[in-house]
Structures are given as C-alpha cells and as structure tokens.
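Colleague: Here it is, the structure in full.
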Ligand code: DX5
Ligand code: ZN
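Numbering (our numbering), first residue to last: 1122 to 1345.
Quick look at the structure:
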C-alpha cells in the first residue's frame, strides 16, 4: 500500500522543509477547499506551484470545491498529475473526467462517506483512482468512520466485477491504529495527514506507518 501525505496539517511557514521530510512518500496529496463545498478554505494553485518546485514526487489534487470543472485546469497547470473530483460536486461527472484527461492529467473520483458506490458503475473505466472519504471532508485530524471498511471491501469486489484497474484510495483519519487493517482490506493508497504532520518528525512518522503496513501485509501472507 502506498502512502500519500496530505500537507493540510503541515507547518505552512516551513512547507518546503515539511515536504522534504516526507521525501520517502509515494506522492503528495493536496487538499483544495473552497469554503463552499466544504466549510473550510485551504490553498490554491499558487501554493501548488511552489510545492511543484520543491519535490519530484507526483502531486494529486483532491478538489473539495463546488465548481471542479473550472478549477481543475488551474491545478493541472500548476503541476498536478492526478485530479480527483467529488462525484457529489460534479453535475456532469463523465464530462468532468474527460475534461481532465483532455488536459493531459489522470482523473479520479472521490465519494463522501454516505455516497453509494453505484455512482461509479458507468464511469469506472475512465478512472485512474477512486478516493473513498473515511471522514466528512473539510478538516484534518478527524476520526475514521469504521463503516468504510465494508465500503472498501465492496469496492474491491466491484472493481473485479467491472474488470477495472483503478486504484482505491482512502482519505481521512488514517493512523497507526487502522493502517494495517486498511492495507488488509485492499486499499492501494492511503492519505496520511495528521498522523504524519503532527508533533514529531514527519519523516520518522511516515516510516513508522510504512513499517506497520509491511508487518500487516506479512501477517496476512502468513495466514494464507
Ligand atoms: C479532509 C481531507 C483529508 C484530511 C487528511 O477533508 O481530504 O485529506 O485532511 O487528514 P487526516 O489524515 O488528519 O484526517
Ligand atoms: Zn484529501
């Protein structure tokens, strides 16, 4: 399972150092909040451009905004290789995904905790990634919603039934207590925010989480 640190809870006065500390990550997760779709504002393309200059890691933009079609191009231009839009925020989701791909980026869809997986059925082949929210979007540091374990397992089965290859990402409340179970449930990529960018060294915290993933996967192999 890959790990994607979200910089939302990083030290914004030392963002370059924060990103440098997680150089062992698999990609950087950028939480874009517009104060409308979610009750919080984060940052825009100017910050993303600066992030692009400070790391070689892939950048993914998680757009928690009411008008993803008009904002997606900003973040592609700023250097994101993957754009994730909320199914609930896009009026014409198929069109939103095509627009992103036409601009040369990969496209993903995020689903809020209460949104059923069935909305993915007719766009599944267009997706590089499905992001399952495991908190209600808007803030870092919230508690993981346990019902999402079943949602992950169901999506793993649906992906096979639909003969698709999108990655399954989980976002929100991922920490040392649940990361092993998420790996075992079939998550391909986990967003880690406050579990990495909190007290202590972000690089060490990331590596500790990675060790837990490896241990839980070894445990699963041992049980087979
Ligand atoms: C929530 C964001 C998440 C979140 C991750 O709206 O999409 O990426 O900030 O932070 P933690 O891991 O602290 O929940
Ligand atoms: Zn996010």
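Just so you know, even glycine gets a beta-carbon here, dropped at the ideal spot from N, CA and C.
1. Cβ of residue 1127 versus every heavy atom of the ligand ZN: is any distance shorter than 7 Å?
2. Tell me the rounded alpha-carbon separation between residue 1233 and residue 1340.
3. Check the C-beta distance from residue 1148 over to residue 1125 and give it rounded, since I have them as a contact under 8 Å.
4. Taking only the alpha-carbon atoms, compute the straight-line gap between residue 1267 and residue 1255 and give it to the nearest angstrom.
5. Going along the chain, which unbroken runs of the alpha helix (DSSP H) with 4 or more residues stay wholly within the stretch 1147-1195?
6. Would you say residue 1314 and residue 1142 are within 8 Å of each other, going by their C-beta atoms?
7. What are the start and end residues of the alpha helix (DSSP H) that includes residue 1215?
8. In this structure, what does DSSP give as the bridge partners for residue 1269?
9. With 16 other CB atoms within 10 Å as the buried threshold, where does residue 1235 fall?
Modeller: Reading off the structure:
1. yes
2. 30 Å
3. Contact between residue 1148 and residue 1125 holds: their C-beta atoms lie close to 5 Å from each other, under 8 Å.
4. 8 Å
5. 1166-1175
6. no
7. 1214-1223
8. Under DSSP, residue 1269 forms no beta bridge with any residue.
9. exposed
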